[in-house]
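**Q**
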Amino acid sequence: MNAEKYYEENFETRAIHCGQDASQWNCRAVVPPVVLATTYQQTGPDVDSAYVYSRSGNPTRHSLEKCIASLEDAKYALTYASGLSTQMSITYLLSAGDHIVAGDELYGGTNRFFRTCASKFGLEIEYADFRQVDQVIDTIKSNTKLVWFETPTNPLLKVSDIRAVCDAVKQKNPKIIIVVDNTFMSPYFQKPLNLGADISMNSITKYMNGHSDVIMGCISTNDDELFKQLKYYQNAVGAVPSPFDCFLVNRGLKTLAVRMERHYKNALAIAKFLETHKKVKKVIYPALESHPDYEIARKQSNGFSGMMGMHICGDIENAKEFLSHLKVFTLAESLGAVESLIEIPSLMTHASIPKETREALGICDTFIRISVGIENVDDLIHDLDQALNKSEIVIPEGA
Ligand SMILES: Cc1ncc(COP(=O)(O)O)c(C=O)c1O
Numbered sequence: 001m002n003a004e005k006y007y008e009e010n011f012e013t014r015a016i017h018c019g020q021d022a023s024q025w026n027c028r029a030v031v032p033p034v035v036l037a038t039t040y041q042q043t044g045p046d047v048d049s050a051y052v053y054s055r056s057g058n059p060t061r062h063s064l065e066k067c068i069a070s071l072e073d074a075k076y077a078l079t080y081a082s083g084l085s086t087q088m089s090i091t092y093l094l095s096a097g098d099h100i101v102a103g104d105e106l107y108g109g110t111n112r113f114f115r116t117c118a119s120k121f122g123l124e125i126e127y128a129d130f131r132q133v134d135q136v137i138d139t140i141k142s143n144t145k146l147v148w149f150e151t152p153t154n155p156l157l158k159v160s161d162i163r164a165v166c167d168a169v170k171q172k173n174p175k176i177i178i179v180v181d182n183t184f185m186s187p188y189f190q191k192p193l194n195l196g197a198d199i200s201m202n203s204i205t206k207y208m209n210g211h212s213d214v215i216m217g218c219i220s221t222n223d224d225e226l227f228k229q230l231k232y233y234q235n236a237v238g239a240v241p242s243p244f245d246c247f248l249v250n251r252g253l254k255t256l257a258v259r260m261e262r263h264y265k266n267a268l269a270i271a272k273f274l275e276t277h278k279k280v281k282k283v284i285y286p287a288l289e290s291h292p293d294y295e296i297a298r299k300q301s302n303g304f305s306g307m308m309g310m311h312i313c314g315d316i317e318n319a320k321e322f323l324s325h326l327k328v329f330t331l332a333e334s335l336g337a338v339e340s341l342i343e344i345p346s347l348m349t350h351a352s353i354p355k356e357t358r359e360a361l362g363i364c365d366t367f368i369r370i371s372v373g374i375e376n377v378d379d380l381i382h383d384l385d386q387a388l389n390k391s392e393i394v395i396p397e398g399a
């Protein structure tokens with residue numbers, strides 16, 4: 001296998017070629033074949049073999065993992081059956097009595113896993129606002145083994161300084177494992193490993209696959225020892241993706257760069273339009289100068305995805321009515337795919353977070369999360385405009 005030769009190339013080239021060399025297959029297939037076999041003929045009971053059993057290794061999956069590693073500027077990548085099973089597998093690096101410091105705002109399912117699953121096995125979890133490096137450091141204890149945060153956060157799009165957090169955490173205790181959930185940016189726009197993280201984690205379900213037809217997760221790392229352990233747990237825990245899903249993600253990655261550029265362009269235009277609409281109280285998009293973390297977002301990322309949020313005027317009923325008038329945007333959970341999706345986090349993606357916690361964070365009922373797709377931007381703007389105009393939202397005086 002010859003994927004290493006592509007490490008010198010640019011992102012777009014690597015996304016198309018890395019791990020995909022035709023010469024690695026007897027049939028010289030230009031895209032990796034879907035190897036559905038669960039087991040492989042051995043040349044002898046005690047002879048080493050590249051593949052033994054598909055939970056421990058599969059050629060289609062291997063091609064994908066090589067490609068992902070190269071896109072994250074990493075030595076290694078591993079894939080899993082979902083973003084959440086990736087989180088579960090990483091948690092196997094810890095033992096009962098260990099302490100985790102996690103971001104106070106995370107995808108609802110990530111928060112639920114730490115709160116209701118990891119905690120059952122004697123892991124202690126505390127939360128911090130990762131925009132406040134001092135708060136993160138103050139939350140670290142002598143038994144802290146893992147630090148886990150998202151940036152931008154889901155759903156409020158708060159951006160923390162990855163380099164500053166990593167430097168401070170490593171200074172406090174170099175053994176702490178730092179995981180950045182990079183799902184909202186994808187490796188095209190942000191590379192946490194280059195900013196000091198030990199593990200970059202993605203829900204591949206979102207931008208990396210990009211077509212709303214695969215559930216999958218991955219990790220990337222440059223750390224030999226971490227990789228060894230995670231590879232062991234990938235097989236020992238067994239939450240691996242199917243070869244067919246690996247094939248689909250491989251295909252999705254080939255267009256990641258062009259998709260991300262279009263998500264960014266569309267989202268910026270929509271954010272600027274919504275900022276001018278009288279029925280919209282506030283728009284949240286890290287590429288807007290009005291975003292409080294705009295400077296740090298610009299510093300550590302090459303651009304922004306299609307994820308944005310808005311607080312609309314009125315109440316929850318107005319929010320629901322607005323959604324009911326949309327024709328192009330689909331009311332649905334998930335994000336990061338070619339089609340535009342829209343939802344109310346407090347009722348949908350983040351409903352599993354206790355109400356008090358949600359409200360303290362600012363995830364209120366009139367906050368709407370938008371995953372801007374790659375459709376024609378004029379159609380998207382027109383759809384939002386007509387739905388807002390039809391809604392019986394009373395425009396506040398002076399707006
Ligand atoms: C930021 C983030 N991380 C992790 C996940 C979990 O990924 P999956 O749904 O693939 O298990 C999600 C899902 O929405 C997410 O938004």
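Numbering (UniProt numbering), first residue to last: 1 to 399.
Don't be surprised by glycine CBs; every beta carbon is placed ideally from N, CA and C.
#1: Tell me whether Glu150 counts as near ligand 1, meaning its Cβ is closer than 7 Å to at least one heavy atom of that ligand.
#2: Can you tell me whether Thr110 sits near ligand 1, meaning its C-beta is under 7 Å from at least one heavy atom of the ligand?
#3: According to DSSP, what are the bridge partners of Cys364?
#4: Alpha carbon to alpha carbon, how far is Ser23 from Ile176?
#5: Based on Cα-Cα distance, which residue from Gly97, Gln171, Ile100, Val159 lies nearest to Ala297?
#6: Do Met260 and Ser305 have their C-beta atoms within less than 8 Å of each other?
#7: Using CA atoms only, rank isn't needed, just tell me which of Glu275, Asn154, Gln132, Ile100 is closest to Ser142.
#8: Output the distance between the C-alpha atoms of Ala337 and Glu126, rounded to the nearest integer angstrom.
#9: Using only the alpha-carbon positions, how far apart do Met1 and Asn58 sit?
#10: Quick check: is any heavy atom of ligand 1 less than 7 Å from the C-beta of Asn209?
#11: Quick one: measure Cβ to Cβ for Ile137 and Lys172, integer angstroms, because I've assumed they're closer than 8 Å.
#12: Under the three-state reduction of DSSP, which class applies to Phe304: helix, strand or coil?
#13: Below 8 Å on the Cβ atoms is my contact criterion, and I expect Thr221 with Gly83 to pass it. Report the Cβ-Cβ distance as a whole number of Å.
#14: So is the beta-carbon of Phe121 under 7 Å away from any non-hydrogen atom of ligand 1?
#15: Name the one or two DSSP bridge partners that residue 400 has.
#16: The alpha helix (DSSP H) that contains Met88, what's its start and end?
#17: Evaluate Cys27 with the Cβ neighbour count: other Cβ atoms within 10 Å of its Cβ, from every protein chain shown; 16 or more gives buried, anything less gives exposed.
#18: Per DSSP, what kind of secondary structure is Ala197 in: helix, strand or coil?
**A** In brief:
#1: Stepping through the sequence shown from its first residue, residue 150 is reached at position 150. Yes, ligand 1 has a heavy atom inside 7 Å of this Cβ.
#2: Walking along the sequence shown from the start, residue 110 turns up at place 110. Thr110: yes, Cβ under 7 Å from ligand 1.
#3: Counted from its first residue, the sequence shown places residue 364 at position 364. None, per the DSSP bridge assignment.
#4: Counting from 1 along the sequence shown, the entry for residue 23 is found at position 23. Counting from 1 along the sequence shown, the entry for residue 176 is found at position 176. Computed Cα separation, rounded: 41 Å.
#5: To locate residue 297, count along the sequence shown from 1; it is residue 297. For the residues Gly97, Gln171, Ile100, Val159, the minimum Cα distance to Ala297 belongs to Val159.
#6: Numbered from 1 along the sequence shown, position 260 holds the residue referred to as residue 260. Numbered from 1 along the sequence shown, position 305 holds the residue referred to as residue 305. It is a contact, given that the beta carbons lie within the stated cut-off.
#7: Taking the first residue of the sequence shown as 1, we reach residue 142 at position 142. Of the candidates Glu275, Asn154, Gln132, Ile100, the one whose C-alpha sits nearest the C-alpha of Ser142 is Ile100.
#8: Working through the sequence shown from its first residue, we reach residue 337 at position 337. Working through the sequence shown from its first residue, we reach residue 126 at position 126. For Ala337 and Glu126, the distance between alpha carbons rounds to 32 Å.
#9: Residue numbering aside, residue 1 sits at position 1 when the sequence shown is read from its first letter. Residue numbering aside, residue 58 sits at position 58 when the sequence shown is read from its first letter. Because Met1 carries a pLDDT of 34, less than 50, the predicted location of this residue cannot be relied on, and the following value inherits that uncertainty. Roughly 14 Å separates the two Cα atoms.
#10: Stepping through the sequence shown from its first residue, residue 209 is reached at position 209. Because no heavy atom of ligand 1 lies under 7 Å away, the Cβ of Asn209 does not count as near it: no.
#11: Taking the sequence shown and counting its residues from 1, one reaches residue 137 at position 137. Taking the sequence shown and counting its residues from 1, one reaches residue 172 at position 172. Their Cβ separation, rounded to whole angstroms, is 6 Å, which keeps Ile137 and Lys172 in contact under 8 Å.
#12: The residue labelled residue 304 in the question sits at position 304 within the sequence shown. Phe304 falls in the coil class under three-state DSSP.
#13: The sequence position of residue 221 within the sequence shown is 221, counting from 1. The sequence position of residue 83 within the sequence shown is 83, counting from 1. Incorrect: roughly 16 Å between the Cβ atoms, too far for contact.
#14: Locating residue 121 in the sequence shown gives position 121, counting from the first residue. Phe121: no, Cβ never under 7 Å from ligand 1.
#15: This structure gives no information on residue 400, because the portion of the chain shown stretches from 1 to 399.
#16: Counted from its first residue, the sequence shown places residue 88 at position 88. Here the alpha helix (DSSP H) through Met88 covers 83-91.
#17: On the sequence shown, position 27 is the one that residue 27 refers to. Exposed.
#18: As a working mapping, residue 197 is identified with position 197 in the sequence shown. Three-state DSSP puts Ala197 in coil, outside helix and strand.
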